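Note that the numbering used here has the sequence shown beginning at 215, numbered continuously upward.
Some notes on the structure that comes next.
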Amino acid sequence: MNFLQLVQRFRQETNYANTGPTTVVNQVGDHSRAIDWVIDAYRELQNREFWRWMRKSFTLTTSQGVDTYDYTSCIDTPTGVAISRFKAWCLNNRYNRPKCYLNSTGVSAEYYLTYTSWDSFSQMYKIGTQNQGQPAFITVDPGDNIVVGPSPDDAYVITGEYQRGAQVLSDNTEEPDMPVDYHMLIVYLAMEDAGYFDSADEVLLRSQRKGRRILRQLEGTQLPKLRKAGPLA
Numbered sequence: 215m216n217f218l219q220l221v222q223r224f225r226q227e228t229n230y231a232n233t234g235p236t237t238v239v240n241q242v243g244d245h246s247r248a249i250d251w252v253i254d255a256y257r258e259l260q261n262r263e264f265w266r267w268m269r270k271s272f273t274l275t276t277s278q279g280v281d282t283y284d285y286t287s288c289i290d291t292p293t294g295v296a297i298s299r300f301k302a303w304c305l306n307n308r309y310n311r312p313k314c315y316l317n318s319t320g321v322s323a324e325y326y327l328t329y330t331s332w333d334s335f336s337q338m339y340k341i342g343t344q345n346q347g348q349p350a351f352i353t354v355d356p357g358d359n360i361v362v363g364p365s366p367d368d369a370y371v372i373t374g375e376y377q378r379g380a381q382v383l384s385d386n387t388e389e390p391d392m393p394v395d396y397h398m399l400i401v402y403l404a405m406e407d408a409g410y411f412d413s414a415d416e417v418l419l420r421s422q423r424k425g426r427r428i429l430r431q432l433e434g435t436q437l438p439k440l441r442k443a444g445p446l447a
């Protein structure tokens with residue numbers, strides 16, 4: 215469902231009006247409130263967990279002598295443009311570590327970078343005068359910038375993953391990025407707000423009962439799977 219269809223389904227489920235809306239733009243009164251509830255429901259759902267559908271890959275091309283990069287310096291791989299919706303870096307994953315290669319050599323010489331905490335990184339690379347070299351370590355500073363060490367001695371290409379920030383619906387035909395099978399969850403979450411606002415117990419109970427069922431399904435497909443720990447010795 216697109217944004218307009220979500221609002222129309224919300225209207226159908228709550229019966230706050232007999233028809234409409236025909237657009238999500240420049241609405242007032244009950245339609246405006248319904249639109250805001252749908253926007254808020256989807257935004258809150260996205261911020262609830264580190265969902266799989268919001269994890270994307272990125273590339274970063276370093277510059278000689280520059281060790282620190284913000285998210286706008288990185289390219290979102292699926293879209294091919296600079297990252298605009300950012301929540302967090304996903305660099306500390308031993309099953310999918312960030313990689314690096316010398317740009318002039320090409321991907322055939324790609325190698326893994328080692329993630330370390332900012333405190334440990336600072337002790338190694340943020341003291342005295344440091345020599346430039348092939349990056350071996352990667353971290354995230356307190357400002358959510360990527361920092362590599364040693365500082366690059368050439369142009370390197372770094373690849374990794376990050377978590378996108380929340381998508382805020384705004385246009386009639388805009389569709390949520392989340393899997394289409396679970397779009398009704400947005401409607402049910404918006405219905406919760408409506409139920410509390412109108413003191414409508416039937417709307418509230420129905421939204422919670424049906425919403426919980428879909429939320430469990432979403433969590434089953436879009437949250438990380440538990441992995442068995444390795445042997446202690």
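Beta carbons are placed, not taken as given, at the ideal position from N, Cα and C, and that holds for glycine.
Being a predicted model, the structure only gives us computed values, none of them experimental.
Exposed unless 16 or more other CB atoms sit within 10 angstroms - verdict on residue i
{"i": "PRO292", "result": "exposed"}
{"i": "ARG225", "result": "buried"}
{"i": "GLN344", "result": "exposed"}
{"i": "TYR410", "result": "exposed"}
{"i": "ASP395", "result": "exposed"}
Cβ-Cβ distance between residue i and residue j below 8 Å
{"i": "THR330", "j": "PHE300", "result": "no"}
{"i": "ALA275", "j": "VAL371", "result": "According to the sequence provided, residue 275 is Thr. The question's Ala does not apply to it. It is a contact, given that the beta carbons lie within the stated cut-off."}
{"i": "PRO366", "j": "VAL280", "result": "yes"}
{"i": "LEU432", "j": "LEU383", "result": "no"}
{"i": "THR319", "j": "TRP332", "result": "no"}
{"i": "PHE272", "j": "GLY374", "result": "yes"}
{"i": "THR228", "j": "VAL417", "result": "yes"}
{"i": "TYR376", "j": "ALA302", "result": "yes"}
Per DSSP, the bridge partner or partners of residue i
{"i": "ILE352", "result": "TYR329, VAL362"}
{"i": "GLY347", "result": "PRO366"}
{"i": "THR275", "result": "VAL371"}
{"i": "LEU316", "result": "TYR370"}
Coarse secondary structure for residue i, derived from DSSP in three states
{"i": "GLU375", "result": "strand"}
{"i": "VAL295", "result": "strand"}
{"i": "ARG269", "result": "strand"}
{"i": "THR435", "result": "helix"}
{"i": "TYR339", "result": "helix"}
{"i": "ALA302", "result": "strand"}
{"i": "LEU383", "result": "coil"}
{"i": "ASP290", "result": "strand"}
{"i": "TYR309", "result": "coil"}
{"i": "TYR285", "result": "helix"}
{"i": "TYR402", "result": "helix"}
Cβ of residue i within 8 Å of any chain B Cβ
{"i": "ASN240", "result": "No chain B is present in this structure, which holds just one protein chain."}
| query | Looking at C-beta atoms only, is the number of pairs between the region 402-413 and the region 255-262 that lie closer than 8 Å three or more? | reply | yes
| field | the region 302-312 contacting the region 321-330, beta-carbon criterion three pairs below 8 Å | value | yes
| Can we say the region 229-249 touches the region 380-395, given the rule of at least three CB pairs closer than 8 Å? | yes
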